[in-house]
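First up is the structure itself, then whatever we jot down about it.
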Amino acid sequence: GEDVEQSLFLSVREGDSSVINCTYTDSSSTYLYWYKQEPGAGLQLLTYIFSNMDMKQDQRLTVLLNKKDKHLSLRIADTQTGDSAIYFCAVNQAGTALIFGKGTTLSVSS
Amino acid sequence: DSGVTQTPKHLITATGQRVTLRCSPRSGDLSVYWYQQSLDQGLQFLIQYYNGEERAKGNILERFSAQQFPDLHSELNLSSLELGDSALYFCASSVMAGGPRSYNEQFFGPGTRLTVL
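Protein chains in written order, with the numbering used here: chain A, 21 to 130; chain B, 117 to 233.
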């Protein structure tokens, strides 16, 4: 089955850029997603990328996709303390389920 | 607020017991998904219903079952509970049935925290 791997923790200082990485095994997913989970809350879609794109930019967020290496990354520019959360990458399994990585906890210090 | 509601917010019960978690999807969404989030397993997909029918099945134990009712709300039933079932259970909903070729944003509820003592 599908496997999605992420590093578990990332610590940055306010104003720096954060880069969260994800690797996946199944390349059948047409869309790849980044979700954000704030403390005590459910997940919320942050951004997504279509599989025929290499890059997508959305304000402070940049998503990079390397299909050959099956590598997805999320860059947050000018990281703020309010960006502290858990970030999940997710891909569609054959079928309809979203398969999530275990999440990267981003800690932003001032 | 995602528009997905889950009740109860917290549930504390004993081993061997049975509980029911409830989810109301966003207005207009036909798909409901159930996920289990634990520290060691991460976020695991359990099961999906689309317009009342089971659509996809993940790592759902035989002790667990779910259904989606005609008004589209869903219930997840957990029985013969074990300590290891303690987790956060999320419900999500989406408009479409989904699939690997289609864009399928899922909207998550706030979760039900289940503690089995």
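Don't be surprised by glycine CBs; every beta carbon is placed ideally from N, CA and C.
Neighbouring residues, chain B, relative to residue i (Cβ below 7 Å)
i	result
A61 of chain A	P226
Alpha-carbon spacing of residue i relative to residue j, whole angstroms
i	j	result
V211 of chain B	G174 of chain B	20 Å
L63 of chain A	F224 of chain B	6 Å
S118 of chain B	K56 of chain A	13 Å
Y151 of chain B	R33 of chain A	32 Å
R80 of chain A	R179 of chain B	44 Å
R138 of chain B	S93 of chain A	35 Å
S37 of chain A	E169 of chain B	44 Å
I176 of chain B	G227 of chain B	17 Å
T124 of chain A	Q183 of chain B	32 Å
S218 of chain B	F70 of chain A	10 Å
S181 of chain B	T129 of chain B	18 Å
Under 8 Å by beta carbon: chain A residues contacting residue i
i	result
S118 of chain B	G62 and Q64
F206 of chain B	G62 and L63
Neighbour list for residue i in chain B, Cβ cutoff strictly below 9 Å
i	result
A105 of chain A	The contacting residues do not exist; A105 of chain A stays about 13 Å from chain B at best.
Buried/exposed call for residue i, threshold 16 Cβ in 10 Å
i	result
G102 of chain A	exposed
N234 of chain B	The structure shown does not extend to residue 234 of chain B, since chain B is modelled only from 117 to 233, so the question has no answer here.
L230 of chain B	buried
I163 of chain B	buried
D78 of chain A	exposed
A97 of chain A	exposed
Q100 of chain A	exposed
F206 of chain B	buried
L28 of chain A	exposed
D23 of chain A	exposed
D145 of chain B	buried
Within chain A, partners of residue i - CB distance below 9 Å
i	result
F161 of chain B	Q113, A117, L118, I119 and F120
Chain B contact for residue i (CB, 8 Å cutoff)
i	result
T20 of chain A	Residue 20 of chain A cannot be examined here, being either before or after the span of chain A that is shown, 21 to 130.
F29 of chain A	no
Contact set between residue i and chain A, taken where Cβ atoms lie within less than 7 Å
i	result
A203 of chain B	Per Cβ cutoff of 7 Å: no residues; A203 of chain B is ~14 Å from chain A at best.
Contact set between residue i and chain B, taken where Cβ atoms lie within less than 8 Å
i	result
Y51 of chain A	S218, Y219 and N220
Closer than 8 Å to chain A by CB, residue i
i	result
Q164 of chain B	yes
G158 of chain B	yes
G174 of chain B	yes
G200 of chain B	no
G215 of chain B	yes
Chain E within 8 Å of residue i, Cβ atoms only
i	result
Y53 of chain A	No chain E is present in this structure, whose protein chains are A and B.
Are there three or more Cβ pairs, one per stretch, closer than 8 Å when the stretch 38 to 50 of chain A is compared with the stretch 97 to 115 of chain A? yes
Can you find at least 3 beta carbon pairs, one from the stretch 192 to 203 of chain B and one from the stretch 127 to 138 of chain B, that sit closer than 8 Å? yes
Can you find at least 3 beta carbon pairs, one from the stretch 153 to 169 of chain B and one from the stretch 118 to 125 of chain A, that sit closer than 8 Å? yes
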